[in-house]
């Protein structure tokens with residue numbers, strides 16, 4: 030009887046592990062599908078207002094429909110897609126209020142991230158500075174080659190690098206929630222040359238360890254970015 034109990038327990042344990050593995054695999058596929066759809070929204074292969082059909086997206090991604098369905102549902106919850114009555118989902122159009130709300134949240138976080146990054150630089154974070162400098166070079170190279178998507182990616186990476194350099198895990202997690210909205214916004218707006226110059230100025234202050242100057246230059250940059258975004262998308266500030 031004891032042997033049978035041990036056999037049953039082993040079988041149950043094996044079944045639990047199999048179920049957990051399957052759940053993990055499913056979550057991983059859903060995450061991959063979500064990332065792929067997000068990237069297509071950011072680089073505008075899926076335009077604002079475009080209707081997405083689950084079957085077609087699954088075929089394009091070479092995935093089954095289940096993880097794609099889960100990914101689309103997640104993106105509806107996150108506000109990047111919206112449900113259509115009886116006909117799937119579509120890419121949500123950014124409204125004026127959406128942009129305003131995003132900048133209202135991003136501005137203080139970006140300023141604080143730059144201040145903390147400057148303090149980290151003053152404490153000797155050479156690796157963080159090297160990462161930031163590399164993104165500046167990537168943006169310049171992409172701009173020279175007229176590769177807009179790569180330039181947007183480099184600009185986004187610069188801001189993400191500042192956040193990472195801040196060393197504040199709560200700030201990092203909070204900014205991760207805004208990351209894709211910012212990437213989408215950066216991809217839709219114009220990328221004037223002075224944005225790269227502003228990033229370079231932010232970098233100089235961060236590298237110098239001047240927290241207040243880094244914060245001030247970031248504040249100006251974010252507010253200018255807001256004006257550019259509103260002008261690009263809606264024709265006014």
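Numbering (my numbering), first residue to last: 30 to 266.
We put the CB at the ideal spot given by N, CA and C, even for glycine.
Check: Length of the line joining the Cα atoms of residue 260 and residue 125; Outcome: 10 Å
Check: Distance between residue 79 and residue 148 (C-alpha atoms, nearest Å); Outcome: 44 Å
Check: Test item: CB-CB of residue 258 and residue 207 under 9 Å; Outcome: no
Check: Residue burial classification, residue 51 (beta-carbon count within 10 angstroms, cutoff 16); Outcome: Caution applies to residue 51, whose pLDDT of 44 falls short of 50 and renders its modelled position unreliable; the value that the coordinates give is listed next. By the neighbour-count rule (16 or more Cβ atoms within 10 Å), residue 51 is not buried but exposed.
Check: Inter-residue Cα distance where the pair is residue 106 and residue 170; Outcome: 36 Å
Check: DSSP three-state assignment for residue 202, whether helix, strand or coil; Outcome: helix
Check: Spatial neighbours of residue 189 in its chain, beta-carbon cut-off 8 Å, leaving aside the 5 residues before and after; Outcome: 204 and 208
Check: Cβ-Cβ distance between residue 146 and residue 91 below 9 Å; Outcome: no
Check: Residue from 251, 244 and 238 with nearest C-alpha to residue 150; Outcome: 238
Check: Residue 134 versus residue 179: straight-line alpha-carbon distance, rounded; Outcome: 25 Å
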